[in-house]
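A quick write-up on the structure given underneath.
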Amino acid sequence: MKKFHLIILTVFPVFFFSQSIKGLNIPDSLKNKSYKYINDAYNKVFQVDNDKAELLANYILLKGKKENNRDILFDGYYNIARVKNLKNENGHPFADSLISASKNVNNYDYPAKSYILKGILFNNEGKYKEALDEYTIAINHNRAENKEQFFYINKLIAILKTATEEYQEALPLFLKYYKYEKDKIKNNNVDAKNYIASIFSLANIYTKCKDYKKGIEFADLGLTECKKYNNYSYYSYLLMIKGISLFYVKDYSLSYKILLEVQKGLITNKDYSNLGVLYYYLGKIKYATRSENEAIEFFKKADSISFTFNSFEPIKREGYEILIDFYKKKGDLKKQLKYIDNLMYSDSIIAVNRKNLSKEILKKYDTPLLMKEKVSVIERLNHQNAWLIACLLLISLAFIFVIRKNRKKIKEYEKQAKVLSEKPLSTPVLEKEQKNETPITDNASITIERKEKATKSDLSSNPKFKILIDKIEQFEKTNSFLNKNITLDSLSKEFDTNRDYLSKLVNELKGKNFSQYLNELRINYIVEELKSNEKIRKHTIAAIADDIGYNNAESFTNAFKKITGTLPSYYIKALN
Numbered sequence: 001m002k003k004f005h006l007i008i009l010t011v012f013p014v015f016f017f018s019q020s021i022k023g024l025n026i027p028d029s030l031k032n033k034s035y036k037y038i039n040d041a042y043n044k045v046f047q048v049d050n051d052k053a054e055l056l057a058n059y060i061l062l063k064g065k066k067e068n069n070r071d072i073l074f075d076g077y078y079n080i081a082r083v084k085n086l087k088n089e090n091g092h093p094f095a096d097s098l099i100s101a102s103k104n105v106n107n108y109d110y111p112a113k114s115y116i117l118k119g120i121l122f123n124n125e126g127k128y129k130e131a132l133d134e135y136t137i138a139i140n141h142n143r144a145e146n147k148e149q150f151f152y153i154n155k156l157i158a159i160l161k162t163a164t165e166e167y168q169e170a171l172p173l174f175l176k177y178y179k180y181e182k183d184k185i186k187n188n189n190v191d192a193k194n195y196i197a198s199i200f201s202l203a204n205i206y207t208k209c210k211d212y213k214k215g216i217e218f219a220d221l222g223l224t225e226c227k228k229y230n231n232y233s234y235y236s237y238l239l240m241i242k243g244i245s246l247f248y249v250k251d252y253s254l255s256y257k258i259l260l261e262v263q264k265g266l267i268t269n270k271d272y273s274n275l276g277v278l279y280y281y282l283g284k285i286k287y288a289t290r291s292e293n294e295a296i297e298f299f300k301k302a303d304s305i306s307f308t309f310n311s312f313e314p315i316k317r318e319g320y321e322i323l324i325d326f327y328k329k330k331g332d333l334k335k336q337l338k339y340i341d342n343l344m345y346s347d348s349i350i351a352v353n354r355k356n357l358s359k360e361i362l363k364k365y366d367t368p369l370l371m372k373e374k375v376s377v378i379e380r381l382n383h384q385n386a387w388l389i390a391c392l393l394l395i396s397l398a399f400i401f402v403i404r405k406n407r408k409k410i411k412e413y414e415k416q417a418k419v420l421s422e423k424p425l426s427t428p429v430l431e432k433e434q435k436n437e438t439p440i441t442d443n444a445s446i447t448i449e450r451k452e453k454a455t456k457s458d459l460s461s462n463p464k465f466k467i468l469i470d471k472i473e474q475f476e477k478t479n480s481f482l483n484k485n486i487t488l489d490s491l492s493k494e495f496d497t498n499r500d501y502l503s504k505l506v507n508e509l510k511g512k513n514f515s516q517y518l519n520e521l522r523i524n525y526i527v528e529e530l531k532s533n534e535k536i537r538k539h540t541i542a543a544i545a546d547d548i549g550y551n552n553a554e555s556f557t558n559a560f561k562k563i564t565g566t567l568p569s570y571y572i573k574a575l576n
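As structure tokens, this is what we get:
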């Protein structure tokens, strides 16, 4: 087998490949190969040897740049982001670059495919709400004739439903996807990777639905098809599903043997999320066969992976319960407390990631009981570790304080968003007073408007001011303030005056500095636009910020909050 060499690769993907790839050592065997050959090679090693897959993906990106081929370049970004995500590395910069590069493209795959990619990355990180948002955008961009993409997006929605334990709702979507891929095979339109992926999805969902016979049946079918089409991308994962299903039908010996075989592939691919789940099931097998000490070691490995790679899955919860009970029986209070804390932290991360998408998980160790047991353990450790108790109590109090403060702030945001959403159209929103956290009322707006008219009347008597006032009015009417490059200097040049003169005029006419004036124009504009245009509400905060002249979502959010007293996300929610 020819070796693949990769010298240190550093890629900073900005819009349309603004930085070149350096340090990428391409084997001679690849340099004269076609794009199709390299892409096929990538598909064969994806999820089998991810280091090799990343090398091939980088070469696809480099090839697209050298040949000035947009389609190849897009595939390069897509493939790198996917493989980095599987290796627990950050694929988002590549996904963001792909979104930027393809947003004005309207072809068979893009820009929908770029939003699909972003959603997949979020889903794999457990950020289900964000994933759903990206899939929704993708559906809106999906072309009617692209059935492949449509069915794929529906499959991704089914994966989300699986993550939130809505298994019965996910099953019909997976069945439709499988039928679509199977029909393609029947019509000699062979797409082995997606076909096998559809089989894997069914094997997985049947196992989740506790139909283990079907789960094993489809896992075996998938393993057979991997060999038939010489595509092993899902081989390890199909084996893992089979091993898990065998555990549930109590064939512990074969289940253990299969899962140990899967372990090697997951370690090679650095797929630590699935490795943590695998260790949990190995622990469950040992626990079921009364090998308690071996079971505990596997559960500890699963816990270690969770905290090392920030990978928390609900299925592993029982492992913590067993660890807590084990050390409770042994009287090891420190380790009992450690795993209570770890379980509580895991629960909090899962809850945050799921937000409103998931139903409550029925828990043996629900949060109140855990808190009660934690206090009990702390009391028993009191004489041994007084300083530890003090720290834990302080942390708990700080945690409660932060939660209460955040809840209060959220209520304020929601209340102000409701008030703002109920204002009539064309009602100006003015920046909050520095010493008062309540936004200026409508009556105050009228008073300020009257003062502005009086000042305008006085200034208009000066011919020079009159010309500038007319230009400012035109600037506002044409929405020129949405231009991202507008500054006091640039506007002064456009108005054929000096910056100090214009600054003084804005200050006297509007009663505020130029920056405040510009922010109010933009925020008032987007408040009105969001209220009257439902389509804009579906955009991301970053996209909205870009549309109205802000360089990033943070500066837009800060300006919106300062002027309206709420956040754009809460305002959009109130409107919806």
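In terms of UniProt numbering, the sequence shown is residues 1 to 576. Ideal placement from N, C-alpha and C gives every residue a C-beta, glycine not left out.
Would you tell me roughly how many angstroms separate the C-alpha atoms of Leu334 and Tyr320, rounded to the nearest one?
Contrary to the premise, residue 334 reads as Lys rather than Leu in this sequence. Rounded to the nearest angstrom, the two C-alpha atoms are 14 Å apart.
Taking the alpha carbon of Ile541 as the reference point, which residue from Tyr167, Asp133, Lys493 and Cys226 has its own alpha carbon closest?
Residue nearest to Ile541 within the set Tyr167, Asp133, Lys493 and Cys226 is Asp133 (criterion: CA-CA distance).
Let me confirm a value: Ala288 is counted as buried when at least 16 other C-beta atoms fall within 10 Å, else exposed. Which label applies?
So Ala288 counts as exposed.
Decide if Arg380 is buried, meaning its Cβ has at least 16 other Cβ atoms within 10 Å, or exposed.
Exposed, since its Cβ has fewer than 16 Cβ neighbours within 10 Å.
Environment of Ser304 [buried if 16+ CB atoms lie within 10 Å]
So Ser304 ends up on the exposed side.
Between which two residues does the alpha helix (DSSP H) carrying Leu482 extend?
It is not in any alpha helix (DSSP H) - Leu482 carries neither H nor E in the DSSP assignment.
Would you check if the distance between the CB atom of Ala101 and the CB atom of Asn142 is smaller than 9 Å?
With contacts defined as CB atoms closer than 9 Å, Ala101 and Asn142 fail to qualify as a contacting pair.
Per DSSP, what kind of secondary structure is Ser490 in: helix, strand or coil?
Under the three-state reduction of DSSP output, Ser490 falls in the helix class.
Which stretch, first to last residue, makes up the alpha helix (DSSP H) that contains Asp325?
It spans Arg317 to Lys330 - the alpha helix (DSSP H) in which Asp325 sits, taken as one unbroken run.
Can you tell me whether Tyr525 is helix, strand or coil according to DSSP?
Helix, per DSSP.
I need the straight-line Cα distance from Ser311 to Ala351, nearest angstrom please.
Their Cα atoms are separated by approximately 13 Å.
Cβ of Tyr252 within 9 Å of Cβ of Ile216?
Result no, Cβ atoms of Tyr252 and Ile216 do not sit closer than 9 Å.
Can you give me the start and stop residues for the alpha helix (DSSP H) that Ser555 sits inside?
First-last of the alpha helix (DSSP H) with Ser555: Ala553 to Thr564.
Report yes or no: do the region 392-404 and the region 552-560 share at least 3 C-beta pairs separated by less than 8 Å?
No, the region 392-404 does not touch the region 552-560.
Tell me which residue opens and which closes the alpha helix (DSSP H) that Lys155 is part of.
Its alpha helix (DSSP H) spans residues Lys147 to Ala163.
Whole-angstrom C-beta distance between Glu318 and Val277, which should lie under 8 Å:
No, Val277 and Glu318 are not in contact; Cβ-Cβ is about 12 Å, not under 8 Å.
Which residues in the same chain as Thr497 place their Cβ atom closer than 8 Å to its Cβ, once the five residues preceding and following it in sequence are excluded?
Take Thr497, set aside five residues on each side of it, and the residues of its chain with a beta-carbon closer than 8 Å to its own are Leu468, in chain order.
Simplified DSSP assignment, three categories, for Arg407:
Look at Arg407 here: in three-state DSSP terms it is helix.
Using a threshold of 9 Å, state whether the C-beta atoms of Leu575 and Lys531 are closer than that.
For Leu575 and Lys531, yes; Cβs fall inside 9 Å.
In angstroms with no decimal places, state the Cα-to-Cα distance between Ile205 and Asp96.
Each residue's Cα considered, the two are about 31 Å apart.
Contact between the region 250-266 and the region 218-227 (3+ Cβ pairs under 8 Å)
Taking a contact to require three or more Cβ pairs closer than 8 Å, the region 250-266 and the region 218-227 do not qualify as touching.
Specify the secondary structure class of Ile378 as computed by DSSP and reduced to three states.
Helix, per DSSP.
Given a cut-off of 9 Å on the beta-carbon distance, is the pair Gly126 and Ile322 in contact?
No.
Do you know offhand how far Tyr256's Cα is from Lys418's?
Taking C-alpha positions only, Tyr256 is separated from Lys418 by approximately 56 Å.
For Ile80 and Ala57, which I take to be in contact (beta-carbon distance under 8 Å), what is that distance rounded to the nearest angstrom?
Confirmed, about 4 Å.
Delimiting residues of the alpha helix (DSSP H) encompassing Lys103
Boundaries for Lys103: no alpha helix (DSSP H) harbours it, and the DSSP string shows neither H nor E there.
If you draw a straight line from the C-alpha of Phe150 to the C-alpha of Tyr37, how long is it?
Spanning the two alpha carbons is a distance of roughly 27 Å.
Of the choices Ser198, Lys242, Phe560 and Ile185, whose alpha-carbon is the least far from that of Lys213?
Comparing Cα-Cα distances from Lys213 to each of Ser198, Lys242, Phe560 and Ile185, the minimum goes to Lys242.
Is the CB-CB distance between Asn154 and Ala192 below 9 Å?
No, these two residues do not count as a Cβ contact at 9 Å.
Quick one: Cα of residue 590 to Cα of Lys316, how far?
With the chain covering only 1 through 576, there is no way to say anything about residue 590.
Using DSSP with H/G/I as helix, E/B as strand and the rest coil, what is residue 580?
As shown, the chain starts at 1 and ends at 576. That puts residue 580 outside it, with no answer to give.
First through last residue of the alpha helix (DSSP H) which encompasses Ile548:
From DSSP, Ile548 is part of no alpha helix (DSSP H); its letter is neither H nor E.
I need the DSSP call for Tyr110, collapsed to helix, strand or coil.
When DSSP states are grouped into helix, strand and coil, Tyr110 belongs to the coil group.
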